[in-house]
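This report refers to the structure that appears directly beneath it.
Number of protein chains: 2
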Amino acid sequence: MIAVDWGTSSARAYRLAPDGGVLERCEGAGGILRVPDGGFPAALTAMVGDWLAAGETRVLLSGMVGSRQGWQEAPYLACPAGLEDLAGAVVPVPFTGASVRLVPGLSAEDPAGTPEVMRGEEVQVFGALAGGTADALLCLPGSHAKWVRVEHGRIAGFTTHMTGEAFAALGGHTILGRMMTGPAQVGPAFEAGVARAADEGGLLHHLFGTRALGLFGRLAPEDAASYLSGLLIGHEVASAMTQPALVHLVGSGPLMALYGRAIALRGGEAVVGDPDAAARGLALIAERTEWM
Amino acid sequence: MIAVDWGTSSARAYRLAPDGGVLERCEGAGGILRVPDGGFPAALTAMVGDWLAAGETRVLLSGMVGSRQGWQEAPYLACPAGLEDLAGAVVPVPFTGASVRLVPGLSAEDPAGTPEVMRGEEVQVFGALAGGTADALLCLPGSHAKWVRVEHGRIAGFTTHMTGEAFAALGGHTILGRMMTGPAQVGPAFEAGVARAADEGGLLHHLFGTRALGLFGRLAPEDAASYLSGLLIGHEVASAMTQPALVHLVGSGPLMALYGRAIALRGGEAVVGDPDAAARGLALIAERTEWM
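Order-wise, the sequence lines are chains A and B. Just so we're aligned: 164 in our numbering is position 164 of the first sequence, and the numbers increase by one with no gaps anywhere. Position in the second sequence counted from 1, then plus 1000, gives you our numbering.
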């Protein structure tokens, strides 16, 4: 079968063996924002046409491709939701030459009743836990980082933190950006930012402290981005991991190391999972899907 | 005498009577960023030359004009500091035709040892409390909002919150901006944002909630800026006013109403002071200054 994790800004396609192993992969087409109106069938063919020609007949899609801005809207499924729930709610889309299905996203409410949504991360969560843990806490770093609680094998709830996008906006469009010269990386400045997040005063006060430390020569320009990153990720981890816990980190790239360090500094333990979690999760859903 | 509150982006000059009353005022010259190298004597003359020609001989300046980027650097004075301390630390600057003095800014450390600085606000604080309260909590809203504790008539300490600049960066350069159509104003959406700040989850999570509420049609585009403003000011007030208190609000413009409402919603009481607090504060310092 073919699995595609098709998000806003990227698309990753996998050709999977019957046991779910990855046979081939392709980073195709670009995200849904690059697809013109009515262009999804052609975009899918451009990405996986060779595999279809080679005999594949089933295609399972996850991510923003199932949003209002995507191929077709697959309504959110409310939490709690497990693999069987997702498989039972896949939405068929018309396509000539294969059975194509969309996995719905999930909705939830935080303890105060504010709505939450995800599209694509639910598949990565089940892929990351593949066949394993019935209860787990997972973190998916990113522009909109997600913290997901799995209970009895189903996603019980989750919270989203606008950490990555806030870092870009504050670093790029405030006085803090003018004092930054390097990238954000693990090290003493990042750790000082994480520690600072535990002080009283709140995030908005801590942001100004970044500026004041620079003014007094106590934070070098090449360390400022790491400090700001530590401050923001530290605040996120403090809110989302309210007591030391084992956290499954899902994703890839430099954020994994930053989140792993911040979680450890707050007494938790981070384990980094399979970077192909999306493919694995789609395979698990495909197994449970009625294809006819 | 002549008093000038000369900041980064604006300059306000006042001609004062011997009792400190405002005789004339002028919004001159623009902030220090508009003054070319070596151009401060000419900029001052352009602003208050008529008053000097009419016989004024003393000029007291406060604000960023005393910073490294200003006319001449007046080193920060450490807190606690009162009117006498400020008057004793004014810095003379060379000028033909009048005695010109700079009021220094103040430095402090927050409880965790992170540095804090202000330039200009210290003068407004003493002006706002003119002759009155020996102990007070003041708030000066703005890009970098200040909360100032006055004890026994001296500024004991203060904290800065990057609330205004964060609002501009988040509203202008994240997904939140795309859902905003109106200005931030007092009303139910602002109040909902302030209330939301008291929920668990942290500011970075609450920011995403703004987006999610919009997605579910529970926050209208014309209300989104007010909600975001309430969220940020609510977080600031929660951190800075740790128990219900009387807060002296110093400043002018739409922020006064927003802060007043947020303070009231958290059980405090806000009083709005004299919009000419800077002139009054400079008069009080001038009285205590050795001019020869």
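Ideal Cβ positions, reconstructed from N, Cα and C, are used throughout, including at glycine.
Which chain B residues are close to residue i, counting only those with a beta carbon under 7 Å from its beta carbon?
i: Ile175/A; result: Glu1165
i: Met256/A; result: Those do not exist, as Met256/A stays about 19 Å from chain B at its closest Cβ, beyond 7 Å.
i: His144/A; result: Phe1208
Taking residue i as the reference, give the member of the options with the closest Cα.
i: Phe1194/B; options: Leu1052/B, Pro1075/B, Trp1051/B, Ala1264/B; result: The question names Phe, but residue 1194/B in the sequence shown is Val. Val1194/B has its Cα closest to that of Ala1264/B, out of Leu1052/B, Pro1075/B, Trp1051/B, Ala1264/B.
i: Gly273/A; options: Val103/A, Gln124/A, Pro104/A; result: Gln124/A
i: Arg25/A; options: Leu60/A, Thr45/A, Ala3/A; result: Ala3/A
i: Gly1028/B; options: Ala1042/B, Gly1038/B, Ala1013/B; result: Ala1013/B
i: Thr128/A; options: Ala286/A, Asp276/A, Glu287/A, Gly172/A; result: Correcting the residue identity first, residue 128/A is Ala in this sequence and not Thr. Out of Ala286/A, Asp276/A, Glu287/A, Gly172/A, Asp276/A has the C-alpha closest to the C-alpha of Ala128/A.
i: Arg34/A; options: Gly20/A, Gly7/A, Arg58/A; result: Gly7/A
i: Glu1122/B; options: Val1100/B, Lys1146/B, Asp1135/B, Ser1099/B; result: Lys1146/B
i: Gly153/A; options: Thr174/A, Ile175/A, Phe126/A; result: Phe126/A
i: Gly209/A; options: Arg1178/B, Leu1170/B, Thr1114/B; result: Thr1114/B
i: Pro36/A; options: Ala283/A, Asp19/A, Gly70/A; result: Gly70/A
i: Met245/A; options: Thr174/A, Ser67/A, Val148/A; result: Sequence inspection shows Ala at residue 245/A; the Met mentioned does not correspond to that position. That would be Val148/A, whose Cα lies nearest to the Cα of Ala245/A.
i: Pro41/A; options: Pro80/A, Gly97/A, Ala283/A; result: Gly97/A
i: Gln243/A; options: Val65/A, Arg58/A, Leu282/A, Glu269/A; result: Glu269/A
i: Arg1196/B; options: Gly1234/B, Thr1160/B, Thr1057/B, Gly1157/B; result: Gly1234/B
i: Ser9/A; options: Thr159/A, Ala74/A, Gly132/A, Val65/A; result: Val65/A
i: Gly1260/B; options: Ala1053/B, Val1091/B, Phe1190/B; result: Phe1190/B
i: Leu232/A; options: Ala262/A, Asp19/A, Gly253/A; result: Ala262/A
i: Val100/A; options: Ala89/A, Ser67/A, Leu60/A; result: Leu60/A
i: Ala1238/B; options: Asp1223/B, Gly1132/B, Arg1266/B, Gly1253/B; result: Arg1266/B
i: Val91/A; options: Gly105/A, Asp223/A, Leu207/A; result: Gly105/A
i: Pro1094/B; options: Leu1083/B, Gln1072/B, Leu1284/B, Trp1051/B; result: Gln1072/B
i: Thr1159/B; options: Ala212/A, Leu170/A, Leu83/A, Thr160/A; result: Ala212/A
i: Trp51/A; options: Ala78/A, Val22/A, Gly38/A; result: Val22/A
i: Asp135/A; options: Pro80/A, Met162/A, His173/A; result: Pro80/A
i: Gly1038/B; options: His1144/B, Arg1068/B, Ala1011/B; result: Arg1068/B
i: Ala1240/B; options: Glu1084/B, Val1103/B, Met1162/B; result: Met1162/B
i: Ala11/A; options: Met1/A, Ile32/A, Pro75/A, Asp19/A; result: Ile32/A
Since residue i meets chain A, which of its residues come closer than 7 Å, beta carbon to beta carbon?
i: Ala1212/B; result: Thr114, Pro115, Glu116, Val117
i: Gly1070/B; result: The contacting residues do not exist; Gly1070/B stays about 14 Å from chain A at best.
i: Leu1207/B; result: Met162, Ala166
Along chain A, which residues have their Cβ under 8 Å away from the Cβ of residue i?
i: Phe1158/B; result: Near Phe1158/B there are no residues of chain A at all, since even the closest Cβ is about 11 Å away, more than 8 Å.
Which residues in chain A sit within 9 Å of residue i, going by Cβ to Cβ distance?
i: Glu1200/B; result: Asp110, Pro111, Ala112, Ser239, Thr242
i: Leu1215/B; result: Pro115, Val117
By the criterion of Cβ-Cβ separation under 9 Å, what are the contact partners of residue i in chain B?
i: Glu236/A; result: Gly1202, Leu1204, His1205
Requested in this report: Return the chain-ordered ranges of every beta strand (DSSP E) run that is complete within the segment 165-239 of chain A and spans a minimum of 3 residues.
Outcome: none
Query raised in the report: Are there three or more Cβ pairs, one per stretch, closer than 8 Å when the segment 1152-1166 of chain B is compared with the segment 190-208 of chain A?
Result: yes
Query - Interface positions of the segment 219-233 of chain A facing chain B (Cβ-Cβ less than 8 Å), listed along the chain - result: Leu232
Requested in this report: Write down every uninterrupted run of the beta strand (DSSP E) in the segment 84-150 of chain A whose length is 3 residues or greater and which is fully enclosed by it, in chain order.
Outcome: 91-93, 99-102, 106-109, 115-118, 136-140
Requested in this report: Please list the segments of the beta strand (DSSP E) lying wholly inside the segment 1032-1091 of chain B, counting only runs of 3 or more residues, in order along the chain.
Outcome: 1058-1062
Query raised in the report: When Cβ atoms are compared, which residues of the segment 111-125 of chain A fall closer than 8 Å to chain B?
Result: Pro111, Ala112, Thr114, Pro115, Glu116, Val117
Query raised in the report: What residues from the segment 168-194 of chain A come within 7 Å of chain D, judged by C-beta to C-beta, listed N to C?
Result: Looking for chain D here will not work: the only protein chains present are A and B.
**Report entry** Ordered list of beta strand (DSSP E) runs contained in the segment 1264-1289 of chain B, each at least 3 residues
**Finding:** 1269-1272
**Report entry** Sufficient close CB pairs (3 or more, under 8 Å) joining the segment 1176-1184 of chain B to the segment 215-223 of chain A
**Finding:** no
Query raised in the report: Do three or more CB pairs link the segment 1241-1260 of chain B to the segment 1041-1057 of chain B at distances below 8 Å?
Result: no
**Report entry** Any 3 or more C-beta pairs closer than 8 Å across the segment 1096-1111 of chain B and the segment 1133-1146 of chain B
**Finding:** no
Report task. Evaluate contact between the segment 114-122 of chain A and the segment 222-239 of chain A, counting only Cβ atoms and requiring at least three cross-stretch pairs below 8 Å. Result -> no
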